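Following this note's numbering, the numbering of the sequence shown begins with 105 at its first residue and continues without gaps. Backbone N, C-alpha and C fix where the C-beta goes; we use that ideal spot for every residue, glycine too. What you are looking at is a predicted structure, and each value in this text was computed from that prediction instead of being measured.
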Amino acid sequence: MIRLGVNIDHVATVRNARGGIHPDPVAAALLAARHGADGITAHLREDRRHIRDEDMKRLRQELSVPLNFEMAATDEMVTMACALRPHACCLVPERREEVTTEGGLDVLGQQADLREKVARLKEAGIRVSLFVDPEPAQIEASARIGGQVVELHTGAYAHDPDEKELARLHAAARATEVFGLELHAGHGLTYTNVGRVAGLPGLRELNIGHFLIGEAIFLGLPVAISRMKQEIATGALFKAFGQ
Ligand code: PXP
Numbered sequence: 105m106i107r108l109g110v111n112i113d114h115v116a117t118v119r120n121a122r123g124g125i126h127p128d129p130v131a132a133a134l135l136a137a138r139h140g141a142d143g144i145t146a147h148l149r150e151d152r153r154h155i156r157d158e159d160m161k162r163l164r165q166e167l168s169v170p171l172n173f174e175m176a177a178t179d180e181m182v183t184m185a186c187a188l189r190p191h192a193c194c195l196v197p198e199r200r201e202e203v204t205t206e207g208g209l210d211v212l213g214q215q216a217d218l219r220e221k222v223a224r225l226k227e228a229g230i231r232v233s234l235f236v237d238p239e240p241a242q243i244e245a246s247a248r249i250g251g252q253v254v255e256l257h258t259g260a261y262a263h264d265p266d267e268k269e270l271a272r273l274h275a276a277a278r279a280t281e282v283f284g285l286e287l288h289a290g291h292g293l294t295y296t297n298v299g300r301v302a303g304l305p306g307l308r309e310l311n312i313g314h315f316l317i318g319e320a321i322f323l324g325l326p327v328a329i330s331r332m333k334q335e336i337a338t339g340a341l342f343k344a345f346g347q
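#1: Does at least one heavy atom of the ligand PXP sit under 6 Å from the Cβ of residue 313?
#2: Measuring only the C-alpha atoms, how far is residue 334 from residue 230?
#3: Is residue 238 closer than 7 Å to residue 278 when the C-beta atoms are compared?
#4: Are the CB atoms of residue 325 and residue 108 within a distance shorter than 7 Å?
#5: Check whether the Cβ of residue 297 sits closer than 6 Å to any heavy atom of the ligand PXP, and report yes or no.
#6: Determine which residues share a DSSP beta bridge with residue 107 and list them.
#7: What do you get for residue 327, buried or exposed, if any count of 16 or more other CB atoms within 10 angstroms of its CB means buried?
#8: Determine the DSSP secondary structure at residue 172, reduced to helix, strand or coil.
#9: Helix, strand or coil: which one does DSSP assign to residue 280?
#10: Less than 7 Å between C-beta atoms, sequence neighbours within five positions excluded: which residues of the same chain meet that for residue 270?
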């Protein structure tokens, strides 16, 4: 079974638009967990544009499913994560001016710094994931610095779902297996494009946020999650039958 991690950042985006406490991203996370989310992801950005420190603390206290703390590989965030001790941390690149996480982390280009941060997180008992573009060299570097998981950035495929991008994801998935890492994927996934991503060999987890929270406006979060899980299961099944 492929796990579905629900990213609740954009519940906080809506809350912050009016500066109050509604809608509460922690309440959304608890609802998602009651209705099939296998884990919850929240990205505490440097500028705190959506999730805030207090949200992370409450998520850690109140959730019974695994919490994936998405963060930039900075000293501030590593210290915070080591104190919070979530189930996992996903290290992502971060630029203040970007709308969302626009590319994967350049693990190859900053191995020494990342190796030290990955070691600190692992010492605190946190499973460490690296969010990378589907490039075998980045996956090899992730293994070399002690990463346990890679999350493949599916943004390019999601934006333009062609065979070439899918082939890139497949090659990256095979490299992940060769280097002995657990495979996750995410970014830009919808009911329409998730199926073929779910067919990636060895895939264990998908992390999906913006589309699910958007669909929840129309259908409610439980229905949106249920439909997404069906699309994932169908995509994985098709692969099992070689289609
Ligand atoms: N995985 C990672 C590492 C991300 O940065 C994001 C976006 O915050 C997602 C998954 C989810 O992407 P989306 O919100 O487009 O579903």
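Reading off the structure:
#1: Under cutoff, so the answer is yes.
#2: Rounded to whole angstroms, residue 334 to residue 230 spans 30 Å at the Cα level.
#3: The answer is no: Cβ separation not under 7 Å.
#4: No, these two residues do not count as a Cβ contact at 7 Å.
#5: Residue 297: no, Cβ never under 6 Å from the ligand PXP.
#6: Under DSSP, the beta-bridge partners assigned to residue 107 are 309.
#7: With fewer than 16 other CB atoms across the displayed protein chains lying within 10 angstroms of its CB, residue 327 is exposed.
#8: Three-state result, residue 172: strand.
#9: If DSSP states are grouped into helix, strand and coil, residue 280 belongs with the helices.
#10: Excluding five sequence positions before and after residue 270, the CB atoms of its chain that fall closer than 7 Å to its own CB belong to 261, 300, given in chain order.
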